[in-house]
Amino acid sequence: MNFIVFDLEWNTATPGKNQVAGYRRKLFAEITEIGACRLDQRGNHLDELFLTVKPKIFKHLNPYIANVTRQNMTELKELGEPFPEAIRQFMAWISGPAVFCSWSDSDFKPLQENLEFYEIVAPLPNRCIDVQYLFHRLVDQGHRQRSLVHAVDFFSIAKERSFHNAVDDAYYTGRVLEKLLEVAETKDINLETLLHKFSWNPNLEYSHKESLPFERSPKAIPAKLSGQAVICPACRRELIPKGQIGWKKKKKHYVATAICPEHGQVTGRVSYGRLNGVVPELHFSYWLKKYDQ
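Structure (structure tokens):
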């Protein structure tokens with residue numbers, strides 16, 4: 001088993017500029033770079049991959065993205081591979097059991113959206129590590145969303161490469177992961193325990209929302225929620241809320257928790273508004289606990 005530390009750069013619609021008609025509703029972020037580093041189980045750098053992706057959806061680079069990444073549309077079009085070919089090369093390069101790692105989980109949604117847009121079946125590994133969250137849990141519990149630069153400075157990692165390039169950001173994330181594996185070892189956290197506590201499955205849905213018509217007084221909400229199930233976002237199983245009360249009122253909403261036998265703890269929340277003293281709809285939100293700790 002190896003760690004595949006990856007990073008994506010992607011483009012979004014430019015305000016006031018044209019893009020290929022009809023596509024924006026289907027694809028919010030178009031991937032323009034794929035960078036990845038392969039690490040062994042101790043965090044040693046083995047090799048790396050860098051792929052430029054030829055744009056198809058958006059005609060212009062978002063100015064903010066162009067300024068941060070120093071990309072330009074001409075080079076992307078001339079040097080890039082079509083996304084289906086780029087992702088084929090990426091998946092072929094992985095070749096074997098792997099744990100995906102990234103700095104935050106923000107690249108997973110664009111990756112999944114691009115795969116769906118091109119109708120490519122490429123299941124992601126069931127165990128992925130958000131290195132930013134791991135950094136927060138192991139060494140810097142005061143702040144959940146530290147930057148990659150902050151973590152590099154924290155561990156005094158030499159800045160030998162640039163930032164905001166997919167393969168360079170993957171390289172630095174890998175170096176931070178290497179340091180975190182060393183920290184975990186000093187805390188007597190072995191690899192299997194680390195993966196159990198700090199990995200998540202990108203193939204699962206972790207949240208689900210739905211609204212139901214109500215058209216009654218707020219006083220009628222407790223009766224409506226009596227016996228109301230909590231829904232697991234991952235499997236849509238109806239779950240019995242924990243405790244004798246079930247759904248509990250907290251300020252302007254109701255909350256409940258339940259346990260899915262397959263996916264773990266689920267939290268439900270019901271919020272509502274009023275119109276002329278009547279609640280038109282009840283808004284249900286469900287969250288699956290992401291980490292087992």
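In terms of this note's numbering, the sequence shown opens at residue 1 and continues consecutively. Backbone N, C-alpha and C define an ideal beta-carbon position, used for all residues, glycine too. All values reported here derive from a predicted model rather than from experimental measurement.
Contact belief for residue i with residue j at Cβ below 8 Å, rounded distance in angstroms
i           : j           : result
residue 282 : residue 239 : About 18 Å; that fails the 8 Å criterion.
residue 228 : residue 247 : 6 Å
residue 99  : residue 1   : 7 Å
residue 136 : residue 127 : That belief does not hold up - the Cβ atoms of residue 136 and residue 127 are roughly 19 Å apart, past 8 Å.
residue 71  : residue 61  : 6 Å
residue 39  : residue 3   : 4 Å
residue 107 : residue 130 : Wrong, their Cβ atoms sit about 10 Å apart, outside the cutoff.
residue 123 : residue 190 : That pair is no contact at about 27 Å.
residue 296 : residue 111 : Outside the displayed span of the chain (1 to 293) sits residue 296, for which this structure offers no information.
residue 162 : residue 168 : 5 Å
residue 9   : residue 33  : 4 Å
residue 222 : residue 288 : Incorrect: roughly 25 Å between the Cβ atoms, too far for contact.
Neighbourhood of residue i by C-beta distance below 6 Å, restricted to the same chain and skipping five residues each side
i           : result
residue 209 : 285
residue 157 : 175
residue 170 : 5, 6, 7, 35, 36 and 37
residue 178 : 43
residue 269 : 253, 255 and 285
residue 218 : 279
residue 230 : 239, 241, 256, 258, 266 and 268
residue 65  : 11
Per-residue DSSP class, three states only, for residue i
i           : result
residue 202 : coil
residue 249 : strand
residue 137 : helix
residue 163 : coil
residue 2   : strand
residue 48  : strand
residue 100 : strand
residue 111 : helix
residue 257 : strand
Own chain partners of residue i with C-beta closer than 8 Å, once the 5 adjacent residues on each side are dropped
i           : result
residue 77  : 54 and 55
residue 242 : 256, 257, 258 and 259
residue 292 : 196, 197 and 264
residue 84  : 118 and 120
residue 148 : 103, 132, 163, 169, 172, 173 and 176
residue 251 : none
Where the alpha helix (DSSP H) through residue i begins and ends
i           : result
residue 118 : That residue, residue 118, is in no alpha helix (DSSP H); it is neither H nor E in DSSP.
residue 179 : 166–186
residue 153 : 148–154
residue 85  : 83–94
residue 297 : The shown model of the chain, from 1 to 293, leaves out residue 297, and the question about it has no answer.
residue 69  : 63–69
residue 222 : 221–225
For residue i, the first and last residue of its enclosing beta strand (DSSP E)
i           : result
residue 124 : Run containing residue 124: none; DSSP gives neither H nor E here.
residue 278 : Residue 278 -> no beta strand (DSSP E), and no H or E assigned at all.
residue 78  : Residue 78 -> not in any beta strand (DSSP E); alpha helix (DSSP H) instead, spanning 73–79.
Other residues of its chain near residue i: CB distance less than 7 Å, five sequence neighbours each side excluded
i           : result
residue 28  : 12 and 113
residue 164 : 68 and 69
residue 305 : Residue numbering for the chain in the displayed model covers 1 to 293; residue 305 lies beyond these limits and cannot be assessed.
residue 216 : 278 and 279
residue 290 : 200 and 206
residue 45  : 37, 39 and 174
residue 166 : 7, 8, 9, 33, 34, 35 and 50
Residues sharing a beta bridge with residue i, DSSP
i           : result
residue 207 : 287
residue 32  : Note: residue 32 sits in no beta bridge, so no partner.
residue 129 : 101 and 199
residue 229 : Looking at the DSSP assignment, residue 229 forms no beta bridge with any residue, so it has no partner.
residue 213 : 281
residue 37  : 5 and 48
residue 11  : 30
residue 239 : 230
Beta carbon proximity, residue i to chain B, threshold 8 Å
i           : result
residue 207 : Looking at the structure shown, chain B is missing, and only one protein chain is on hand.
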